[in-house]
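Here the structure comes first, spelled out in structure tokens, and everything after it is commentary.
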Amino acid sequence: VGSSTVVAFSAFLNGRYPPADLTGDITVSYCSPTELNPKGVPRVLQSRFSLPLALVCVPSSPAKTTKFKITVDTNQPPVDLNSIFPEFSAKSEDKDGNSLAFQFLSGAKVTVLASKTSQRYRIQSDSFEDMWLVVKELVQRFDRHFSKLGVKDFKKSFSGPLPLQEYFLSLDHHFQLRVSGQQYQDLLSERAVQFRAIQRRLLTRFKDKTPAPLQNLDTLLDATYSQVRHTHTESHSSAGRLGCSHG
Numbered sequence: 043v044g045s046s047t048v049v050a051f052s053a054f055l056n057g058r059y060p061p062a063d064l065t066g067d068i069t070v071s072y073c074s075p076t077e078l079n080p081k082g083v084p085r086v087l088q089s090r091f092s093l094p095l096a097l098v099c100v101p102s103s104p105a106k107t108t109k110f111k112i113t114v115d116t117n118q119p120p121v122d123l124n125s126i127f128p129e130f131s132a133k134s135e136d137k138d139g140n141s142l143a144f145q146f147l148s149g150a151k152v153t154v155l156a157s158k159t160s161q162r163y164r165i166q167s168d169s170f171e172d173m174w175l176v177v178k179e180l181v182q183r184f185d186r187h188f189s190k191l192g193v194k195d196f197k198k199s200f201s202g203p204l205p206l207q208e209y210f211l212s213l214d215h216h217f218q219l220r221v222s223g224q225q226y227q228d229l230l231s232e233r234a235v236q237f238r239a240i241q242r243r244l245l246t247r248f249k250d251k252t253p254a255p256l257q258n259l260d261t262l263l264d265a266t267y268s269q270v271r272h273t274h275t276e277s278h279s280s281a282g283r284l285g286c287s288h289g
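Residues in the sequence shown are numbered from 43 upward in steps of one, following my numbering.
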């Protein structure tokens, strides 16, 4: 009772694409001794945590023109973005706090612009799905910011039609990547079967006391091996793009 244990763990990106969410769940199992059961009663604790946004992106210069834009409306006066994202503001080019840009490690850039005359904030990027993390983080930080100020009626909203066309385009792209990935897997399986068949024929020739000519089997083996490696690389590339299209 009253003791604590510190357990360190690492978090890292599983590929060159941003995660769908920065929230994590942790489960701890332990035994708590009692008078009736000195060996301990099994107990389980669960907790949820959020990883910092700075793990997956770095400050960058704002982009002026982008393909996709989302506007978040609030009912409170404009907020200095540098105060909302202090860990990014030190390297921000805009010291007035009207704009902030996040460069994801995967390559996509997301820009946040604060209106000088209204309570509106625009999030824009050339990658529709990559705006999600920044939008979620912005809204959560607004909630904490105004809660500390004692504002009880803070509201945020999205006006205008939902960007369903962009959303469905992301879904279509995701589906095509899945189809492409499966095609590469099938092709890889076929070429692996061909590679093993050529290996068996070569081994048979080499074991023969009076081996027959190779009849270019060695050349065919090299070519098939190159095809297997190329297909394997393309398959991994498709899987990486699939991760980027998490939507």
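For glycine and all other residues, C-beta sits at the position ideal for the given N, C-alpha and C.
Everything numeric in this text was worked out from a predicted model, so none of it was measured.
Looking at the secondary structure, which residues open and close the alpha helix (DSSP H) in which residue i lies?
{"i": "LEU219", "result": "206 to 249"}
{"i": "PRO307", "result": "Not covered by the structure: residue 307. The range shown for the chain is 43 to 289."}
{"i": "SER189", "result": "173 to 190"}
Measuring only the C-alpha atoms, how far is residue i from residue j?
{"i": "ASP63", "j": "SER92", "result": "9 Å"}
{"i": "SER287", "j": "THR76", "result": "Reliability fails at SER287, whose pLDDT of 48 lies under 50, so the model's placement of it is uncertain and no value is given."}
{"i": "GLN269", "j": "LYS249", "result": "27 Å"}
{"i": "THR107", "j": "THR153", "result": "10 Å"}
{"i": "PRO119", "j": "LEU142", "result": "18 Å"}
{"i": "LEU171", "j": "TYR209", "result": "Reading off the sequence shown, one finds Glu at residue 171, where the question assumed Leu. Cα to Cα, GLU171 sits roughly 8 Å from TYR209."}
{"i": "PHE51", "j": "ILE68", "result": "11 Å"}
{"i": "VAL114", "j": "SER131", "result": "21 Å"}
{"i": "VAL98", "j": "GLN166", "result": "18 Å"}
{"i": "SER197", "j": "LEU87", "result": "Note that residue 197 corresponds to Lys in the displayed sequence, not to Ser. C-alpha separation (whole angstroms): 33 Å."}
{"i": "ALA265", "j": "ASP168", "result": "40 Å"}
{"i": "GLY289", "j": "HIS272", "result": "Here the model assigns GLY289 a pLDDT of 40, short of 50, so the residue's position is not dependable, and the following value carries that caveat. Computed Cα separation, rounded: 28 Å."}
Please report the Cβ distance between residue i and residue j, rounded to the nearest whole angstrom; I am assuming they are in contact, meaning their Cβ atoms lie under 8 Å.
{"i": "TYR59", "j": "SER148", "result": "5 Å"}
{"i": "ASN140", "j": "LYS158", "result": "6 Å"}
{"i": "TYR226", "j": "GLU276", "result": "6 Å"}
{"i": "LEU259", "j": "LEU245", "result": "The Cβ separation is near 10 Å, so there is no contact."}
{"i": "THR116", "j": "PHE184", "result": "7 Å"}
Grouping DSSP H, G and I as helix and E and B as strand, with all else coil, what is residue i?
{"i": "GLY57", "result": "coil"}
{"i": "LEU93", "result": "coil"}
{"i": "ALA105", "result": "coil"}
{"i": "THR69", "result": "strand"}
{"i": "LEU263", "result": "helix"}
{"i": "SER52", "result": "coil"}
{"i": "GLN118", "result": "coil"}
{"i": "SER74", "result": "strand"}
{"i": "VAL332", "result": "Residue 332 is absent from the model: the chain starts at 43 and stops at 289."}
{"i": "LEU123", "result": "helix"}
Would you kindly report the start and end of the unbroken beta strand (DSSP E) that includes residue i?
{"i": "GLN257", "result": "Run containing GLN257: none; DSSP gives neither H nor E here."}
{"i": "ALA143", "result": "141 to 146"}
{"i": "LYS198", "result": "198 to 200"}
On the DSSP bridge list, what partners appear for residue i?
{"i": "TYR164", "result": "The sequence as given places Arg at residue 164; Tyr does not occur at that position. Beta-bridge pairing links ARG164 to THR113, LEU155."}
{"i": "VAL193", "result": "According to DSSP, which records beta bridges pairwise, VAL193 is partnered with nothing at all."}
{"i": "VAL100", "result": "GLN145"}
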